[in-house]
Structure formats: structure tokens, C-alpha cells
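Just so we're aligned, residue 45 is where the sequence shown starts under the working numbering, counting upward by one.
Just so you know, even glycine gets a beta-carbon here, dropped at the ideal spot from N, CA and C.
Scroll down for the structure; my scribbles are underneath it.
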Amino acid sequence: MHLQTLLMTLLAAPVATPPATTPAPKAAVQAPAQQAAAPAAAPKAPEKKAMTPEVKDLVERMQAFYEKTQDFSSDFKQDYKYKALRRTQSSSGTVIYKKPGLMRWEYEKPSKRTFVLAGEKVYAHDPEAQTLSVGRIDTSQLSASVTFLFGKGRLADEFTITKGECKDCKGTLLVLDPAKTEPRFRQVRLEVDPKTAQVLKSTVVDPDGSENAIAFLNLKTNVGIDEARFKINPPEGTRIDDLSKMMPK
């Protein structure tokens, strides 16, 4: 999984792209229409519904849990279902997080990869290809579906949240539909432990219907993770592609 895919599907964040090296082609000149066409009506945002007392209580406890969490470590299993290709790519590894805004995903299977989010910098290390890519994102644009894990952002402000039906879920399924038109994803589903209010599984549904599901296993919180663990020291001979210098601030 490359850098942009990680940001778009895992973090649900907009990706800043390098400026084009060649100027964009100019639009062809057209004769003015006899009558200006009426502007297209903006899509109507879905009506935001009030949460039921049960859902509201669970959401508030989940929000409070992550606000109190200073760091966490967890194993994870990721299944990305490509709708168009009708296939699933499975991965697994470990993830660690530390406030404010430090996160490291260590993929072990099917191949080793490391992704680190540190402030507005994102690092992607591929040891097999001997490459380290460096990018930048605007963390202020991260969705609440991500920032609530950091103890920021209010889910209830950005989503209509309802309880879903799920026979195979290990916890309560919360279905989060964006309150406003959202180009980055269609829906977020969270399986939440009703006792601890921890997220057991997160599923992001892409605009095309593909699903990125991440199950968190053996989650441990407030264990005192050292900041040094979020630094990447690639071996000698690694090619470093620093795209952050090309990206607009």
C-alpha cells in the first residue's frame, strides 16, 4: 500500500499532490450560448437525525475514553475489499500512537512496510524496494473519524450516528453517515466494546463502495511509549524521495 492510498483509505485525509511540471492545457474557446444555462442545484445534505439515548451514551463514553488516552499500542488486521476488482487484500501488523499526533503503522504481512505520521509529515518506508518517501498533509483537514482517536474532534458534530445490525460483530456497531457531502468517504462503521468504549474495528467505505476494515487486537493504553519509536532510520543505500518540499503549504 503506497503513501497516498494509506492517507486516503486509512486516515481518510485529503492528499496534497506535487504541482504539475507542465502547464495544464488551455480550454478550447467556445461561442457564447444564446442563453446562460441555469446553475446546477447543489446536492442536498442528508437531514441530521438525533441520536438515541443508547447511542449517545456510547458515543460520549467512547469520545471520553480517547480524550483520556495519552498513548496506545495494538496489533491490527486489515482487510481492504476492492469493489470493482471483487477481491480482498489482507494485511497485518502493529500500530502505536502517542499524543500529540504521532502514529506508526508497522506492516508485517504480506510484506514489510512502515508508515509514520508525525505532525504534518508522513513517512513511508519500503525496505524491500529500499525507498523512503516523505510527504506532508494538513492535519487540520483530518476528519473527526480519525481525530477522535487523538482526543480531538467531535463525532456528533460531523456525523449522523445510528446503531447498526451486525450478527458477527464483537461489540456494538455504530454507523456514521457524514452530515455534509463528503468526497473522501461514503460512510464509517465502528465496532465499539460497550463495556470499555474502545473501538474494536473501524471500517471506512470509499466513494466507490470499496471497504477498508481494520480490527484492533490486544489494545493497550497509557503504557508510556517513547517518542524515539516514531523515528525512521533507514539503512545505508535507501533512496529518499522528499515530496514534502514540492507540496504546497
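- Fewer than three beta-carbon pairs drawn from the region 222-231 and the region 112-129 are found closer than 8 Å, and the two stretches are therefore not classed as touching.
- When the Cα atoms are used, residue 127 and residue 253 turn out to be separated by approximately 6 Å.
- In this structure, the CA atom of residue 154 is about 15 Å from the CA atom of residue 125.
- Beta-bridge partners of residue 267 (DSSP): none assigned.
- For residue 122, there is no enclosing alpha helix (DSSP H); the enclosing beta strand (DSSP E) covers residues 115-126.
- If you check the CB distance, residue 265 and residue 174 do not come in under 7 Å.
- In terms of Cα proximity to residue 136, the closest of 179, 122, 183 is 122.
- When beta bridges are read from the DSSP output, residue 147 appears opposite 141, 161.
- Within the DSSP secondary-structure output, residue 133 pairs in a beta bridge with 124.
- Classified as exposed, residue 261 has fewer than 16 neighbouring CB atoms from the shown chains inside 10 Å of its CB.
- By alpha-carbon distance to residue 147, the top candidate from 156, 191, 134 is 191.
- For residue 150, the CB contacts under 6 Å within the same chain, skipping 5 residues up- and downstream, are 137, 138, 158 in chain order.
- Nearest C-alpha to residue 230 among 249, 217, 216, 210: 249.
- Residue 221 sits in a strand when the DSSP states are folded into three classes.
- Within its own chain, no residue has a Cβ closer than 7 Å to the Cβ of residue 270 once the five positions on either side in sequence are excluded.
- Secondary structure note for residue 107: its alpha helix (DSSP H) is the uninterrupted segment 97-112.
- Residues 62, 177, 178, 179 of the same chain have their beta carbon placed closer than 7 Å to that of residue 287, with the five preceding and five following residues left out of the count.
- Exposed is the label assigned to residue 129, since fewer than 16 other Cβ atoms lie within 10 Å of its Cβ.
- Residue pairing for residue 207: DSSP places it in a beta bridge opposite 218.
- Rounded to the nearest whole angstrom, the C-alpha separation of residue 237 and residue 251 is 27 Å.
- Around the C-beta of residue 103, 16 or more other C-beta atoms lie within 10 Å, and the residue is accordingly described as buried.
- In this structure, residue 234 sits near residue 218, with a CB-CB distance shorter than 7 Å.
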